[in-house]
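Numbering (full-length UniProt numbering), first residue to last: 1 to 170.
Quick reminder that beta carbons are idealized off the backbone N, C-alpha and C, glycines included.
Reviewing the structure listed below.
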C-alpha cells in the first residue's frame with residue numbers, strides 16, 4: 001500500500017500538508033496576512049473592547065438549562081416558535097444547521113458550510129446567530145432557541161465577550 005493510499009483510505013490529511021496548513025494559519029495570526037497569494041485564510045479577530053457598550057449598558061443574557069426530554073416536549077407544544085440549532089465537525093468538514101418549528105410542525109430548516117479549519121464552537125455560535133438572523137419573527141411572537149452547546153450559551157451570556165460571532169449591541 002502506498003503512502004498516499006493510506007491517507008485516502010483512512011480519510012486523514014497527510015502530516016506534511018497539515019503542518020503547512022497550521023504554519024500558514026499561525027503566520028496569518030502573527031503577520032495579519034499570508035505571504036503566498038494562492039492561500040486565502042480568513043481568521044476571525046476579536047472585537048476590540050472599546051467597541052463594547054458602556055459597562056452600565058451591557059445586558060447579561062440568561063438561559064434555562066433543560067436536561068429532561070419531557071421538559072423539552074412541554075415547551076415545544078405551545079404557540080412559541082422553537083429553533084433547534086447544532087454545529088458539528090466531521091472528517092475535517094465543519095457545518096451548522098437549524099430547524100424551526102411551531103406547534104411541533106416544521107416551518108423551515110437551514111444549513112451552513114463553514115471553512116474546514118473552523119471549530120465546533122464557531123459552528124455552534126454561527127448556528128445560533130444565523131438562525132436568529134434568518135428567522136426573525138413578528139414582534140408579538142416569542143421565540144425559544146434550543147442548543148446543546150453550553151459553551152456557546154455561556155459566550156452569549158457573557159456581556160464582556162469579544163468573540164466576533166457573539167458580539168452584539170445592547
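Start and end residues, beta strand (DSSP E) containing residue i
i           : result
residue 93  : 93-102
residue 16  : No beta strand (DSSP E) holds residue 16; the alpha helix (DSSP H) holding it covers 15-31.
residue 106 : 105-114
residue 88  : 81-90
residue 147 : 143-147
Residues near residue i in its chain [Cβ-Cβ closer than 8 Å; skip 5 each side]
i           : result
residue 169 : Residue placement at residue 169 is flagged as unreliable, the pLDDT there being 45, under the threshold of 50; the coordinate-derived value follows with that caveat. So the list reads 53, once near-sequence residues are dropped.
residue 62  : 157
residue 78  : 103
Beta-carbon proximity list for residue i, same chain, < 6 Å, skipping 5 on both sides
i           : result
residue 99  : 84, 109
residue 20  : none
residue 145 : 83
Beta-carbon contacts of residue i that lie in its chain and below 7 Å, excluding the five residues immediately before and after
i           : result
residue 76  : 82, 101, 104
residue 60  : 157, 159
residue 123 : 87, 88, 89, 94, 95, 96, 114
residue 68  : none
residue 117 : 25
residue 66  : 72
residue 12  : none
residue 226 : Residue coverage of the chain in this structure runs from 1 to 170, which leaves residue 226 outside it and unanswerable.
Range of the contiguous alpha helix (DSSP H) that encloses residue i
i           : result
residue 178 : Because the chain is modelled from 1 through 170, residue 178 falls outside the range shown and cannot be assessed.
residue 62  : That residue, residue 62, is in no alpha helix (DSSP H); it is neither H nor E in DSSP.
residue 2   : Segment: none, residue 2 is in no alpha helix (DSSP H) and carries neither H nor E.
residue 153 : 150-157
residue 78  : Segment: none, residue 78 is in no alpha helix (DSSP H) and carries neither H nor E.
Cβ separation of residue i and residue j, assumed to be a contact under 8 Å, to the nearest whole Å
i           : j           : result
residue 151 : residue 121 : 6 Å
residue 143 : residue 80  : 7 Å
residue 155 : residue 125 : 7 Å
Within the chosen definition, does the segment 80-93 reach the segment 115-131 through at least 3 CB pairs nearer than 8 Å? yes
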